[in-house]
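Okay, structure first, notes after.
In my numbering, the protein residues as written are 28 to 206.
This is the structure we're talking about:
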């Protein structure tokens with residue numbers, strides 16, 4: 028069911044793209060993104076609220092807002108342009124950031140690219156693991172030890188099931204026995 032708005036409500040709402048909920052952003056980043064969409068100039072797709080304004084409006088700490096903006100920028104939902112200005116005395120001050128809302132398809136494409144890179148990494152790890160399993164387990168020092176005269180053998184540690192050996196064969200003593 029689609030809501031029907033009268034003419035007096037025209038322009039007093041904004042919409043979120045459906046894809047935003049399937050791109051693993053988290054509720055904080057979605058909230059910040061929604062506020063940026065609310066603030067944006069629909070013709071230039073830009074807005075420039077301060078961190079403090081975003082923080083007060085969405086109910087998140089300033090540091091959290093900064094983290095979510097960095098996440099949105101990294102995932103290509105927005106671009107951030109740092110601005111500055113000069114006051115009457117000629118002092119340079121940092122201005123509010125200028126946020127440009129990018130088309131949602133760029134974020135979707137970037138997400139798919141990241142997923143493909145992860146898939147390739149997992150596939151490569153599996154291939155290497157299978158190759159190592161085919162070759163058999165070789166300890167890193169065995170090729171070096173085999174090259175030495177007398178070919179010192181490494182202890183395989185099979186006598187100890189958990190992989191640990193005692194440091195010393197002497198029995199442990201208490202403080203009283205040690206004197």
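Ideal placement from N, C-alpha and C gives every residue a C-beta, glycine not left out.
- Task: In angstroms with no decimal places, state the Cα-to-Cα distance between residue 42 and residue 135.
- Result: If I take the Cα positions, the gap works out to 17 Å.
- Tell me, which residues are paired with residue 112 by DSSP? 120
- Item | Residues of its chain near residue 44, where Cβ-Cβ distance is below 7 Å and the 5 sequence neighbours each way are ignored | Answer for residue 44: 131, listed in chain order.
- Please report how far the alpha carbon of residue 79 lies from the alpha carbon of residue 140, in whole angstroms. 33 Å
- Query: Anyone know if the C-beta pair for residue 102 and residue 49 falls short of 8 Å?
  - Reply: no
- Kindly identify the DSSP beta-bridge partner or partners of residue 128. 105
- Closer than 7 Å by C-beta to residue 73: which residues in its own chain qualify, once you throw out the five before and the five after it? Chain order, please. 67, 125, 126 and 127
- Message: Checking the sheet assignment: what are the DSSP bridge partners for residue 68?
- Response: 73
- Message: So, for residue 112: in the same chain, excluding its five sequence neighbours on each side, which residues have a beta-carbon less than 8 Å away from its beta-carbon?
- Response: 119, 120 and 122
- When the Cα atoms are used, what is the spatial distance from residue 99 to residue 148? 24 Å
- Taking the Cβ atom as the reference point for each residue, do residue 60 and residue 47 lie within a distance shorter than 8 Å? yes
- Query: Using DSSP with H/G/I as helix, E/B as strand and the rest coil, what is residue 53?
  - Reply: If DSSP states are grouped into helix, strand and coil, residue 53 belongs with coil.
- Query: Straight-line CA distance for residue 160 to residue 150?
  - Reply: Using only the alpha carbons, I get a separation of about 15 Å.
- Task: Report buried or exposed for residue 92, applying the criterion of at least 16 other Cβ atoms within 10 angstroms of its Cβ.
- Result: Within a 10 Å sphere around the beta-carbon of residue 92 sit 16 or more other beta-carbons, which makes this residue buried.
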